[in-house]
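Peer 1: Got a structure here, written out as structure tokens. Questions coming.
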Amino acid sequence: MPKFHVVGKVVGSKYLGCFEAATAEEAVEKALNEAGGPISLCHQCTDECEDGCVEDARADLAKE
Numbered sequence: 003m004p005k006f007h008v009v010g011k012v013v014g015s016k017y018l019g020c021f022e023a024a025t026a027e028e029a030v031e032k033a034l035n036e037a038g039g040p041i042s043l044c045h046q047c048t049d050e051c052e053d054g055c056v057e058d059a060r061a062d063l064a065k066e
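Each residue of the sequence shown is one higher than the last, beginning at 3 in this note's numbering.
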């Protein structure tokens with residue numbers, strides 16, 4: 003039987019701050035613009051990441 007290496011995309015939530023905006027959608031847009039680029043988590047932020055869960059996964063055939 004073949005073996006597979008499986009990688010999962012893990013998502014979580016993190017408080018991004020308080021933003022003054024006309025609508026909730028505008029506040030989200032401001033927060034995402036300020037957060038900018040890819041997110042990496044340091045040790046402290048890893049502790050702050052809440053509700054982490056696997057959202058998606060892929061399997062690659064393992065070479066024996």
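Glycine included, every Cβ here is placed at the ideal spot set by N, Cα and C.
So what's GLU36 in DSSP terms, helix, strand or just coil?
Peer 2: By one-based count along the sequence shown, residue 36 stands at place 34. DSSP places GLU36 in helix when its eight states are reduced to three.
Peer 1: Nearer than 8 Å: is that true of the beta carbon of LYS16 relative to any heavy atom of the ligand SAM?
Peer 2: As for the ligand SAM, it is missing from this structure, which has no ligand bound.
Peer 1: Decide if the segment 6-23 is in contact with the segment 40-60; the criterion is three or more beta carbon pairs, one per stretch, under 8 Å apart.
Peer 2: The segment 6-23 vs the segment 40-60: in contact.
Peer 1: Of all the beta strand (DSSP E) runs that stay within the bounds of the segment 11-63, which reach a length of 3 or more residues?
Peer 2: As far as the segment 11-63 is concerned, its whole beta strand (DSSP E) runs of at least 3 residues are 52-63.
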